[in-house]
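> Throughout the sequence shown, residue numbering follows the UniProt record's numbering, covering 1 to 220 in sequence.
We put the beta carbon where it would ideally sit given N, CA and C, even for glycine.
Okay, here's the structure, questions in a sec.
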Amino acid sequence: MNRTVRKVTITICDQTLQLLPQKALFWVEEQTLLISDLHIGKIAHFRKAGYAVPSNSIQQNFERLNQLMAFCNPKRIYFIGDLFHSDINHEWELFLNWRKQFLAIDMQIILGNHDRLPSNFNEDFKITVHQTTIKVGPFTLAHQPVKSFSNVDEYVISGHIHPVVKITGKANQAIKLPCFIIGKQQAILPGFGYFTGGHALKTTSTDKIFAIVEHELKEV
């Protein structure tokens, strides 16, 4: 199947989930956004180190966040790890200013391997911090994908890997695109941040892969 759409709606555990081209998942019944691997601070960190990262990359992340707020009007956001990447720099300040625009929205974070938060983080950012995996309704939210499941009814939503899929076109030209991987017991979200890279994963015949092509999704 090669069908291009603006969003993909799936049903898991009797819940409606929308896969969005802004690299996020929206849980309709709970009016909840799930976002993984934003990596706030990474772009500024590498630009300071002399790497040629486009100067508008930071703004692109916030533009997509604002698109999601307008489109989904969420009551809650879960950041599934690696919200931040580096020591505090001006990107953190930009994110704090963004957060202050949406104080009525409950925001929570499951810590990822790159998150190094100051002691006053919760007080300043008004974001609830979870040290590890949490259970929300029928779903387990985890930063790193789970390799073995405790029971057949468990369904995990994770990130960390920044999954991509390789698409080969004419003359064997290939491109890697960020993607959602939807399995029988686990969904892996794409890395949200603009400058995050990606990894092609081994998938099974039962996995569904939805590539993000500009502002659309394509099942491959």
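#1: Sort Asn89, Glu63, Tyr78 and Phe180 by Cα distance to residue 237 and report the nearest one.
#2: Use the C-beta contact count for Val165: other C-beta atoms within 10 angstroms, 16 or more gives buried, fewer gives exposed.
#3: Go ahead and pull the three-state DSSP assignment for Ala174.
#4: If you count every other CB in all the chains shown that lies within 10 Å of the CB of Met1, and 16 or more means buried, which is it?
#5: Should Pro118 be labelled buried (16 or more other beta-carbon atoms within 10 Å of its own) or exposed?
#6: Is any heavy atom of the ligand COA found at a distance shorter than 6 Å from the C-beta of Phe71?
#7: Using the Cα positions of Ile209 and Phe79, report the straight-line distance between them to the nearest angstrom.
#8: With a CB to CB cut of under 6 Å and the five nearest residues on each side skipped, what residues in its chain are close to Val156?
#9: Is Thr204 helix, strand or coil when you go by DSSP?
#10: To the nearest angstrom, how far is the alpha carbon of Asn122 from that of Ile134?
#11: Excluding the five sequence neighbours on either side, which residues of its own chain have a C-beta within less than 6 Å of the C-beta of Ile35, listed in chain order?
#12: Taking only the alpha-carbon atoms, compute the straight-line gap between Gly112 and Ile212 and give it to the nearest angstrom.
#13: By DSSP's criteria, Gln18 is part of a beta bridge. Which residues make up the other side?
Well, looking at it:
#1: The chain is shown from 1 up to 220; residue 237 falls before or after that span and cannot be answered.
#2: By the beta-carbon neighbour count (other beta carbons within 10 angstroms, threshold 16), Val165 is buried.
#3: Strand at Ala174.
#4: With a pLDDT of only 45 at Met1, under the threshold of 50, the placement of this residue in the model should not be trusted; the figure read from the coordinates follows. When all chains shown are included, Met1 counts as exposed.
#5: Burial is judged here by how many other beta carbons sit within 10 angstroms of a residue's own beta carbon; Pro118 has fewer than 16 and is exposed.
#6: Annotation note on the ligand COA: not contained in the displayed structure, which lists no ligands.
#7: Cα to Cα, Ile209 sits roughly 22 Å from Phe79.
#8: Cβ neighbours of Val156 beyond the five flanking positions: Thr140, Ala142, Val146 and Gln186.
#9: Of the three classes helix, strand and coil, the one that applies to Thr204 here is coil, per DSSP.
#10: Asn122 and Ile134: Cα-Cα distance of roughly 18 Å.
#11: The answer, listed in chain order, is Ala24, Phe79 and Phe192.
#12: Straight-line Cα distance between these residues: approximately 23 Å.
#13: Bridge pairing for Gln18: Thr9 and Phe26 [DSSP].
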